[in-house]
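Participant: Have a look at the structure that comes next, please.
Numbering (the working numbering), first residue to last: 192 to 619.
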């Protein structure tokens, strides 16, 4: 017996735009039956608090008409976006984290480490974050072939087909193009979130709301979307996005991308109110991003359509340089959800809890005497005793001990290169 889909009746106080979106998204696409709809209502009832002023349903007639509160309509619309099988997520987890050497090593890079004693590594925390937004079966991990077992061990929920193994290290543009072609085989109209595996998000609810809003935008508009973070300090370790006055709703056209600036420029950017941190989190429809690749980087498309065996011959270029800075349909969504890019020892210091002398201690035990503003990282079960040290990084792992100024990022990269050349891979 065929059951007619529900039809929703609006009230005078209901925002017609919300109802139009709601009917289009939820009723015409899902064609919900009554029992299914009431099941969803019971689910939502659990999540509403008194402050939401939740209004219960007024009742259902024999003709299938239903009156519900506007706030529930908006929630159902968000729920549709969240559970939409068109939505996918690509988590990039193939880097070696050389700026976190020696804690991050080639055989166990930073995305597989637990920096904060939560019991979950960075990539596990990232996966946990996005599985609340898209179906688990729609989450893909891109990583180097060396880390296949690590991903399988830390993310056992994933099928092996969801782990895209890069045969060699390339930057984010080839990685994203390859993942995009892969997803398009499964869903030619997919909306995709692309995210690094090493971000820290402090306001999870605000983050989820921002992502759902962004997915709605890219599903209805052929734009490339990046999330911009409102800066609260002149940070030289992040890239910046300058916005134009032109916008679509709450989404601003990008005027320019600026790589990590010197301090004096960073101060000007923050004071101007026109610049936002580039989070490196992107959203788009699969067709929009592949059109951009075909137009701007056709050589990558040619190589990847031949299969993964040509991946190694792709240029080693980031998505920012390769696509985002050249495309003319790039928009930014302005966000504030407690974001931090865990890219350097300095960034770890900034976001970590500190003792009374400003020291950050990771994992192991330490006794500090007349020491201030340091980062101390020792293996579990080991002890560090330090006297008269200020502004330094002391990091030990396996067969390496590093002691250097904690804010000198370029020096750490030099150390890694020198060690690899002079002493070999066993120390890297």
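All C-beta atoms in this analysis are idealised placements derived from N, C-alpha and C, irrespective of residue type, glycine included.
By DSSP, does residue 328 sit in helix, in strand, or in coil?
Facilitator: On the chain shown, residue 328 is found 137 positions in, with the first residue counted as 1. Looking at residue 328 - three-state DSSP - the assignment turns out to be helix.
Participant: Report the start-end ranges of each alpha helix (DSSP H) in the stretch 362 to 400 that is 4 residues or longer and not cut off at the edges.
Facilitator: You should have 363 to 377.
Participant: Which whole-angstrom value is the C-beta distance of residue 343 and residue 354, which I expect to be below 8 Å?
Facilitator: On the chain shown, position 152 is the one that residue 343 refers to. On the chain shown, position 163 is the one that residue 354 refers to. Indeed, because the Cβ distance is near 7 Å, the residues count as touching under 8 Å.
Participant: Whose CA, out of 409, 461, 459, 458, lies closest to the CA of residue 442?
Facilitator: Translated into positions along the chain shown, residue 442 becomes position 251. Nearest C-alpha to residue 442: 409.
Participant: Could you tell me if residue 215 is buried or exposed, where buried requires 16 or more neighbouring beta carbons within 10 angstroms of its beta carbon?
Facilitator: As a working mapping, residue 215 is identified with position 24 in the chain shown. Because the pLDDT of residue 215 is 48, which lies under 50, any placement of that residue in the model is unreliable, and the number read from its coordinates should be weighed accordingly. Exposed, by the Cβ-count rule.
Participant: For the stretch 524 to 536 and the stretch 393 to 400, state whether three or more C-beta atom pairs, one from each stretch, are separated by less than 8 Å.
Facilitator: Yes: at least three Cβ pairs fall under 8 Å.
Participant: By the 10 Å Cβ neighbour count, where 16 or more other Cβ atoms means buried, how is residue 445 classified, buried or exposed?
Facilitator: Position 254 of the chain shown, counted from the start, is the residue given in the question as residue 445. Per the 10 Å Cβ criterion, buried.
Participant: Taking 8 Å as the threshold, find out whether the stretch 419 to 437 comes into contact with the stretch 487 to 505 through three or more Cβ pairs.
Facilitator: The stretch 419 to 437, when compared against the stretch 487 to 505, does not touch it at the 8 Å Cβ threshold.
Participant: Cβ atoms of residue 558 and residue 585: under 8 Å apart, would you say?
Facilitator: Indexing the chain shown from 1 puts residue 585 at position 394. Indexing the chain shown from 1 puts residue 558 at position 367. In this structure, residue 558 does not lie closer than 8 Å to residue 585 by Cβ.
Participant: Given this structure, state the Cα-to-Cα distance separating residue 359 from residue 325, to the nearest angstrom.
Facilitator: Reading the chain shown from its first residue, position 168 is the one you call residue 359. Reading the chain shown from its first residue, position 134 is the one you call residue 325. Going by the C-alpha atoms only, they are around 28 Å apart.
Participant: For residue 281, which beta-bridge partners are listed by DSSP?
Facilitator: Numbered from 1 along the chain shown, position 90 holds the residue referred to as residue 281. DSSP, once it has assigned bridges, lists 331, 385 as partnering residue 281.
Participant: Could you name the residues of the same chain whose beta carbon sits closer than 8 Å to that of residue 479, not counting the 5 residues immediately before and after it, in chain order?
Facilitator: Residue 479 sits at position 288 when you count from the first residue of the chain shown. The residues are 409, 413, 414, 415, 520.
Participant: Leaving aside the five residues before and after residue 382 along the sequence, list all residues of the same chain whose C-beta is less than 8 Å from its C-beta, in chain order.
Facilitator: Taking the first residue of the chain shown as position 1, residue 382 is located at position 191. Cβ neighbours of residue 382 beyond the five flanking positions: 275, 277, 278, 279, 406, 409, 410, 474, 475, 476, 477.
Participant: Whether or not the stretch 532 to 540 and the stretch 596 to 611 are in contact is what I'm after, with contact meaning three or more pairs of Cβ atoms, one per stretch, closer than 8 Å; do they touch?
Facilitator: Segments in contact, yes.
Participant: Unbroken beta strand (DSSP E) runs of length 3 or more, entirely within the stretch 287 to 362: which are they?
Facilitator: List check, beta strand (DSSP E) in window: 330 to 335, 354 to 357.
Participant: What beta strand (DSSP E) runs, 3 residues minimum, are completely inside the stretch 440 to 484?
Facilitator: Runs found: 442 to 449, 466 to 476.
Participant: Give the DSSP-derived three-state secondary structure of residue 610 in the structure shown.
Facilitator: Along the chain shown, one-based indexing puts residue 610 at 419. Of the three classes helix, strand and coil, the one that applies to residue 610 here is helix, per DSSP.
Participant: Could you check what DSSP says for residue 572 in three-state terms: helix, strand or coil?
Facilitator: For the purposes of this step, residue 572 is taken as residue 381 along the chain shown, with counting starting at 1. Looking at residue 572 - three-state DSSP - the assignment turns out to be strand.
Participant: With a CB to CB cut of under 6 Å and the five nearest residues on each side skipped, what residues in its chain are close to residue 481?
Facilitator: If you number the chain shown from 1, residue 481 lands on position 290. Correct list, in chain order: 371.
Participant: Under 8 Å between the Cβ atoms of residue 294 and residue 568?
Facilitator: Here residue 294 corresponds to residue number 103 of the chain shown, with the count starting at 1. Here residue 568 corresponds to residue number 377 of the chain shown, with the count starting at 1. Yes, these two residues count as a Cβ contact at 8 Å.
Participant: In the stretch 506 to 582, which residue ranges form an unbroken alpha helix (DSSP H) of at least 4 residues, counting only runs that do not cross its ends?
Facilitator: Here the runs fully enclosed are 536 to 542.
Participant: Would you mind sorting residue 544 into buried or exposed? The rule is 16 or more other CB atoms within 10 Å of its CB.
Facilitator: For this step, residue 544 is matched to residue 353 along the chain shown. Classification of residue 544: exposed, given that the 10 Å Cβ count is below 16.
Participant: Could you please give the first and the last residue of the uninterrupted alpha helix (DSSP H) stretch that includes residue 494?
Facilitator: On the chain shown, position 303 is the one that residue 494 refers to. Here the alpha helix (DSSP H) through residue 494 covers 489 to 496.
Participant: What did DSSP end up calling residue 591 once you bin it into helix, strand or coil?
Facilitator: To locate residue 591, count along the chain shown from 1; it is residue 400. Of the three classes helix, strand and coil, the one that applies to residue 591 here is strand, per DSSP.
Participant: What are the residues that DSSP puts in a beta bridge with residue 620?
Facilitator: No information on residue 620 is available, as it lies outside the stretch 192 to 619 that the chain covers here.
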